[in-house]
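So the protein lines, in turn, are chains A and B.
The first sequence maps to residues 1 to 349 in my numbering.
The second sequence maps to residues 350 to 698 in my numbering.
For reference, the structure discussed in these notes is given below.
2 protein chains.
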Amino acid sequence: MDLTERKLKIIHAIVADFIHSAEPVGSRTLSKKYDLGISPATIRNEMSDLEEMGYLTHPHTSAGRVPSDKAYRLYVNHLMERYELPEEEKRIINENIQSNLTELEHTIEHAAELLSELTNLTSFAITPRQDANKLKYINLLPVDDQTVVLMIVAEDGKVINKALRIGVPYTRENLELLAKAMTQTYRGHTISDVLTLDIIKYFENDIEVMSRLAKSVMPNFIKTLESMLNVDLYMEGLTNIFSIPEYNDIDRARMFLEMVNRKKDFTDVLVNRDNGVIITIGDENGSEIMRDCSLITADYRINGRLVGKLGVIGPTRMKYGEVTSVIKYMTDNLSSAFQITEGELKDDE
Amino acid sequence: MDLTERKLKIIHAIVADFIHSAEPVGSRTLSKKYDLGISPATIRNEMSDLEEMGYLTHPHTSAGRVPSDKAYRLYVNHLMERYELPEEEKRIINENIQSNLTELEHTIEHAAELLSELTNLTSFAITPRQDANKLKYINLLPVDDQTVVLMIVAEDGKVINKALRIGVPYTRENLELLAKAMTQTYRGHTISDVLTLDIIKYFENDIEVMSRLAKSVMPNFIKTLESMLNVDLYMEGLTNIFSIPEYNDIDRARMFLEMVNRKKDFTDVLVNRDNGVIITIGDENGSEIMRDCSLITADYRINGRLVGKLGVIGPTRMKYGEVTSVIKYMTDNLSSAFQITEGELKDDE
DNA sequence: GTTAGCACTCGATGGAAGTGAGTGCTAACA
DNA sequence: TGTTAGCACTCACTTCCATCGAGTGCTAAC
Numbered sequence: 001m002d003l004t005e006r007k008l009k010i011i012h013a014i015v016a017d018f019i020h021s022a023e024p025v026g027s028r029t030l031s032k033k034y035d036l037g038i039s040p041a042t043i044r045n046e047m048s049d050l051e052e053m054g055y056l057t058h059p060h061t062s063a064g065r066v067p068s069d070k071a072y073r074l075y076v077n078h079l080m081e082r083y084e085l086p087e088e089e090k091r092i093i094n095e096n097i098q099s100n101l102t103e104l105e106h107t108i109e110h111a112a113e114l115l116s117e118l119t120n121l122t123s124f125a126i127t128p129r130q131d132a133n134k135l136k137y138i139n140l141l142p143v144d145d146q147t148v149v150l151m152i153v154a155e156d157g158k159v160i161n162k163a164l165r166i167g168v169p170y171t172r173e174n175l176e177l178l179a180k181a182m183t184q185t186y187r188g189h190t191i192s193d194v195l196t197l198d199i200i201k202y203f204e205n206d207i208e209v210m211s212r213l214a215k216s217v218m219p220n221f222i223k224t225l226e227s228m229l230n231v232d233l234y235m236e237g238l239t240n241i242f243s244i245p246e247y248n249d250i251d252r253a254r255m256f257l258e259m260v261n262r263k264k265d266f267t268d269v270l271v272n273r274d275n276g277v278i279i280t281i282g283d284e285n286g287s288e289i290m291r292d293c294s295l296i297t298a299d300y301r302i303n304g305r306l307v308g309k310l311g312v313i314g315p316t317r318m319k320y321g322e323v324t325s326v327i328k329y330m331t332d333n334l335s336s337a338f339q340i341t342e343g344e345l346k347d348d349e
Numbered sequence: 350m351d352l353t354e355r356k357l358k359i360i361h362a363i364v365a366d367f368i369h370s371a372e373p374v375g376s377r378t379l380s381k382k383y384d385l386g387i388s389p390a391t392i393r394n395e396m397s398d399l400e401e402m403g404y405l406t407h408p409h410t411s412a413g414r415v416p417s418d419k420a421y422r423l424y425v426n427h428l429m430e431r432y433e434l435p436e437e438e439k440r441i442i443n444e445n446i447q448s449n450l451t452e453l454e455h456t457i458e459h460a461a462e463l464l465s466e467l468t469n470l471t472s473f474a475i476t477p478r479q480d481a482n483k484l485k486y487i488n489l490l491p492v493d494d495q496t497v498v499l500m501i502v503a504e505d506g507k508v509i510n511k512a513l514r515i516g517v518p519y520t521r522e523n524l525e526l527l528a529k530a531m532t533q534t535y536r537g538h539t540i541s542d543v544l545t546l547d548i549i550k551y552f553e554n555d556i557e558v559m560s561r562l563a564k565s566v567m568p569n570f571i572k573t574l575e576s577m578l579n580v581d582l583y584m585e586g587l588t589n590i591f592s593i594p595e596y597n598d599i600d601r602a603r604m605f606l607e608m609v610n611r612k613k614d615f616t617d618v619l620v621n622r623d624n625g626v627i628i629t630i631g632d633e634n635g636s637e638i639m640r641d642c643s644l645i646t647a648d649y650r651i652n653g654r655l656v657g658k659l660g661v662i663g664p665t666r667m668k669y670g671e672v673t674s675v676i677k678y679m680t681d682n683l684s685s686a687f688q689i690t691e692g693e694l695k696d697d698e
C-alpha cells in the first residue's frame, strides 16, 4: 500500500494532535479540528489502512488511534515543521550560558537545569571523555605528616586533585623530585595510554632513590587517572515527569525514576550514542526499559575536540520540534563558548 | 489524666504494631497479638483516654488507632528498646567505610549509599562547613594564554582548584609573585574572615606592581572562597519511597520528591540542625511540607573539629530504633576514620 | 471513491448493596 | 470501682450493575 499525500496528512494531524492532547485521536475530532476536506468515515478508512501499515495503533476497539514509534519516526524525519526559537528564549539561553562560564562543570550543570526548565522534561548532560586528553604536569604538595595533595593538570586545562593519605614519611624535596620525575615521564601522553601501556611499570623501575614514596603515590595516581576517564552525569528536572499524563501512574513513574537513577547504565547509553543531533524513539533505544521513552541528545565541543552531550528524556509523545531546536541552540552556544583561541600553550617546570 | 504503666504499654504496642504494619491498630488485634492481660473492651477505654490526651488519632470513626507525633516522641524517648546492630551489618559498614577512604567526598557519598540500602529509606549526607577552616596557601598555575589554575589549600588538607579565564596577559613570574603575596596575606585566616573582613580590599591596595593581574584574579578568588563555604549535599535511595505504603499515592510521592529536590532549602535545614543524634518527628520539623516526615541525623567529625552530617528522611512511621543505631554506628565509624593523628603540619613556601 | 447511517464495543463514571474491622455505650460482673 | 461481654452503629472498601459516550467497522447509497 502506498503512503499517499492524504495518508501523510492524516499521520501528521494525528501525531500533532496526540503530542498536544495525550488522548487517542478519533476520526470525528480529526475532521473537525483539521481541514482535511474529507469526512470522518473516509478518515476511518484511511486510519484502518495506516493501522495495517503499522503507523497507528488502537488501545482498544472503541478508542481513537495512537501513533506508533514508526509514525513518530516518519513525523520527525519528514513531516514536522522546523521550529524557530523565539528571540526571548534565545536571549535567556545566551545569558545563562555566558553568566556561568567560569568553570566548565558548572556551566554544563546550569545548562542542563535550564534545558529542563525550557522543555519541562528531564534533562541530562555528560562531560567529555578524557581519553585523548594529554597530561601536562603533575604536582605533589605537602599538607601534613600523612597527607599530600596530588594534582594533575591536563593539556586542555582540566585540573584534578586529590588529598592522599600516604603511609610513608617524606620531605618536601622528595615530593618535588618525584613530581618532576612523574611529569617528565608522563607529559604528552594521553590518559588512556598511561593506563594501558606499561609506562607506569617503567617509571617505577627507573627511579630508585625514593621508590618507597613512589610506591605509595602510584596506586593513587592510577586511581585518579581512572577517575579522570569517567564522565560526569548531571540530571535535572526529575520531578517534571509527574506533570506528564503518561506517568500519572505510580508504577510507571517509579520505573522511570529507577531507570534514570541507575546512573552507570544511563551514562553508558549516552556515551555510546552517535554525535550530532540524535533522536531515538521508543524501541529504537534498544532497551526494554526505555521502550516508552524518547531521547534527544546533541553534542557540544570543547576547543573543537572533546565531546560532551546534552539532552532530554521523556515519553515518546514529545514536542520533537521544539525540544530539538532548544537542544541544538544550546549545544551550539556551548561549543562556541568553550572555543578558546588556539594560543600557544605556556610551558613550565 | 495520668500516663499509667498500662497506658504506656498500650502506646508501646500500638506504635510498634503500626510501625510494622502501616495499618491502624484495633483493640482486638492488640489484645490478640500482645499479651496485655486485658480485654479488647478495656483497651478501647484506654485508647479513648489516650486519644483525649493526644497520643492517638482516628482516621475515621470505625478505624483503628494511629499514633500521633506525640506518641512517636514518647516512644523514641522512653519506650523503644535499644537495638543492637547484628555483627554482619557492622562488618558491612566497617568494610565499606574502610575501602573508600582515599578521598573524603567519595567516602561520604558511599556512606550515604550504604545507609539507604541498609534502611530502605532516602538517605543524605552533607560535608562540613568550612567557616573555621584556615587558608594554608594559594597557588596560581599557568595553563594557556587565557587560562590559569587557581588552587587553594586549607589547613585541614582540603584543596580546591578552578581553571580561570583571565582577560589579561601574564608571565609565569607575575603569577608566582601574586600567589606568594596572596598566600602571605591570607594564610592563617579563616575563609569566613577573608570574605567578611576587608582583607581583600587591603590586599588590593597593597600590591601595586601587578594590580591588573590581581584585579582579574580576585573576583574569582572570592567566588571560589564562597563556594568553599557551601556544603555539598548527597542524596541516595530516592526511589525507595515508592516502596513505602504512605507514598503509594502519586501526589504524596511527588511532593516528597519535590521537597528533597529543593537542595538549597534542604541543605539549610540540615546545616541548622543540632549536632549529636537528632530525631525530629512530623511537626517538629518546623515546616509544613515536612510534617509527615521524620528525620534522623547524626554528625561525623573530621579531625575532631569540622562537622558534617549523615541521616535519613522517611515517613513518621519509621523504625526509629534500628535506623538510629545504624546511623550512630556509621557516623562513629566515619569520625574515627577521619581522625588523623595530630602531627605537626608541614610548612612550605 | 466518498459518505451517511447504524449497530456494536468498551472504558469510564457513579450509585447501590454487601462486608468487615472497628468503635462507643450500657449493663452486668468480680 | 475497675473490667468485661454484648450489641448497635459507623464507615471505608469492594463488587456489581446500569448508564454514557467517544469511537469503530460495516453496509448501502450517492
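Every residue gets a Cβ at the ideal spot worked out from N, C-alpha and C, and that includes glycine.
Each of Phe367/B, Gly506/B, Leu526/B, Glu504/B was checked against the Cα of asparagine 488/B, and the nearest Cα belongs to Leu526/B. When the Cα atoms are used, tyrosine 583/B and phenylalanine 615/B turn out to be separated by approximately 11 Å.
Per the C-alpha coordinates, the member of Lys439/B, Gln479/B, Val661/B positioned closest to aspartate 542/B is Gln479/B.
Glycine 660/B carries a strand assignment under DSSP once its states are collapsed to helix, strand and coil.
A residue is called buried when at least 16 other Cβ atoms come within 10 angstroms of its Cβ; glycine 657/B meets this threshold and is buried. Counted as a single uninterrupted DSSP element, the beta strand (DSSP E) harbouring arginine 514/B occupies residues 508–514. Annotation: glutamate 466/B has no Cβ neighbours in chain A at a cutoff of 8 Å; minimum Cβ distance is about 13 Å.
For lysine 319/A, the secondary structure class from DSSP, reduced to helix, strand or coil, is coil. DSSP places proline 491/B in the strand class (E or B) of the three-state scheme. The secondary-structure analysis by DSSP pairs alanine 503/B across a beta bridge with Leu484/B. Only buried fits isoleucine 446/B, as 16 or more other CB atoms lie within 10 angstroms of its CB. Considering only Asn569/B, Val502/B, Ser465/B, the residue with the shortest C-alpha distance to asparagine 100/A is Asn569/B. The three-state secondary structure of serine 27/A, taken from DSSP, is helix. Counting other Cβ atoms within 10 Å of its Cβ, histidine 361/B reaches 16 or more and is therefore classed as buried. Contact annotation: serine 116/A and glycine 237/A have beta-carbon atoms nearer than 9 Å.
Valine 498/B has a beta carbon lying within less than 9 Å of a beta carbon in chain A. Apart from the 5 residues on each side of it in sequence, leucine 490/B sits with its Cβ closer than 6 Å to the Cβ of Val498 in its chain, given in chain order. Chain-ordered, the chain A residues with CB closer than 9 Å to the CB of threonine 588/B read Arg254, Leu257, Glu258, Asn261.
Leucine 513/B and glutamine 495/B have their alpha carbons spaced roughly 8 Å apart.
In the same chain as leucine 562/B, and ignoring 5 residues on each side of it, the C-beta atoms closer than 8 Å to its own belong to Ile515, Val517, Tyr519, Asn523, Leu524, Leu527, in chain order.
Residues of chain A with a Cβ closer than 8 Å to the Cβ of phenylalanine 570/B do not exist, since the nearest Cβ in that chain sits about 12 Å away. The stretch 88–123 of chain A is shown to contain whole alpha helix (DSSP H) runs of 4 or more residues at 104–119, in chain order. Here arginine 291/A carries a coil assignment [DSSP, helix/strand/coil]. The criterion of a C-beta distance shorter than 9 Å is satisfied by asparagine 510/B and asparagine 161/A.
DSSP places leucine 582/B in no alpha helix (DSSP H) but in the uninterrupted beta strand (DSSP E) bounded by 582–585. Counting only Cβ-Cβ distances below 9 Å, isoleucine 250/A has contacts in chain B at Phe591, Tyr596, Asn597, Asp598, Ile599, Ala602, in chain order. Per DSSP, the beta-bridge partners of leucine 56/A are Pro67/A.
With contacts defined by Cβ atoms closer than 9 Å, proline 373/B and arginine 414/B form a contacting pair. Contact annotation, isoleucine 638/B with methionine 679/B: C-beta distance approximately 27 Å; criterion of less than 8 Å not satisfied.
If you draw a 10 Å sphere on the C-beta of serine 636/B, you find fewer than 16 other C-beta atoms in it, and that means exposed. In this structure, the beta-carbon distance from aspartate 49/A to leucine 30/A does not fall below 9 Å. Contact annotation: in the stretch 140–168 of chain A, residues whose CB is within less than 8 Å of a CB in chain B are Leu141, Pro142, Val143, Asp144, Asp145, Gln146, Thr147, Val149, Met151, Val153, Gly157, Lys158, Val159, Asn161, Lys162, Ala163, Leu164, Arg165. In chain order, Glu89, Val326 place their CB closer than 7 Å to the CB of leucine 118/A, counting only its own chain and leaving out the 5 sequence neighbours on each side.
Counting along the chain, isoleucine 540/B sits inside the alpha helix (DSSP H) bounded by residues 540–545. The beta carbon of glutamate 504/B lies closer than 8 Å to those of Asn482, Lys483, Leu484, Lys485, Leu694 in the same chain, with the five residues before and after it left out. By the 16-neighbour rule on beta-carbons within 10 angstroms, serine 123/A is buried.
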